[in-house]
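Notes for the one structure printed next.
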Amino acid sequence: MKNTLTYLSSDAFSSMLSELVPDLQGMFSLNDSFRPTVMDFTGSQFPRNDTRLRALCFLDYLHERGNIQKSEFLKALSDMWKDLDSRVLRYKVLQPLCAELKNVVIQPMFLPMVLTIAKSQDKNDFEQSTLPALVPVLNTTSGDTMLLLLKHAELIKITQEHLISHGTESRADERAPEFETTEEEHPEVRIPHYLSNPVNLVVTGEFLS
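When we follow full-length UniProt numbering, the leftmost residue of the sequence shown carries the number 1, and every step to the right adds one.
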């Protein structure tokens, strides 16, 4: 496939604020030495006037905020995350959200978005970055959180070896989920008895995006 270069006329930037023009010119410069660095870009006026970019910057300090601020931020993010590029979601947004799953108070609010974004990950991405944050949730979850995980059962198809590698083997018998072996020698997660209709979720090494 042949690469083509598209030139934009000055009219394309007529609606842009004048103070942003120098930054934009630098970004589009054919000379890479004139282009701003990442630090230069984050310090420019451009991200300060973009709500989504400000939200991404806020993620870097999310762990320092209180639960109320975190919940308010999540509500705002739920209205804009669909406008973000899938790579931004996977590599910039997902990890700070996964870190918040350790907080049992706000875990029910963050888990739905984590699972939704995780659908866009490939198998290796999921196992290396998202799975370590989900394994503790699988070992301690109950009630509505368990039902939410069941709805995403196809996403969380993992082998018992993955659970062992994350140091959960010793806790597997303490509380649900419990691990058994099917006739096909697949590890199995049995849903807790408090569900009205017991369901068995077979967990294989496959991953369905």
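Beta carbons are placed, not taken as given, at the ideal position from N, Cα and C, and that holds for glycine. Being a predicted model, the structure only gives us computed values, none of them experimental.
The beta-carbon distance between L115 and L155, rounded to whole angstroms, is 6 Å. This is short enough to meet the 8 Å contact definition. Excluding the 5 residues flanking it on each side, K70 has same chain C-beta neighbours closer than 6 Å at I106, in chain order.
Under a 10 Å Cβ-count criterion, E100 is classified as buried, with 16 or more other Cβ atoms of the shown protein chains found around its own Cβ. Per DSSP, the continuous alpha helix (DSSP H) segment holding I68 begins and ends at N67 to S78. Residue burial is scored here from C-beta neighbours: I117 has at least 16 other C-beta atoms within 10 angstroms and is therefore classed as buried. Look at Y91 here: in three-state DSSP terms it is helix. According to the DSSP assignment, D23 belongs to the alpha helix (DSSP H) that extends over V21 to M27. Counting other Cβ atoms within 10 Å of its Cβ, Q25 stays below 16 and is therefore classed as exposed. With contacts defined as CB atoms closer than 9 Å, A55 and F73 qualify as a contacting pair. Sequence-distant partners of T42 (beyond 5 residues in either direction) whose C-beta falls short of 8 Å from its own C-beta, in its chain, are C57.
R90 and D125 do touch by the CB rule: their CB atoms are close to 7 Å apart, below 8 Å.
Of the candidates M113, K102 and L134, M113 places its Cα closest to the Cα of V93. A distance below 9 Å separates the beta carbons of D23 and P36. In the structure shown, R35 falls within a coil segment according to DSSP collapsed to helix, strand and coil. Under the three-state reduction of DSSP, E100 is assigned to helix. Rounded to the nearest whole angstrom, the CA to CA distance from L84 to V135 is 27 Å. In the structure shown, S129 falls within a helical segment according to DSSP collapsed to helix, strand and coil.
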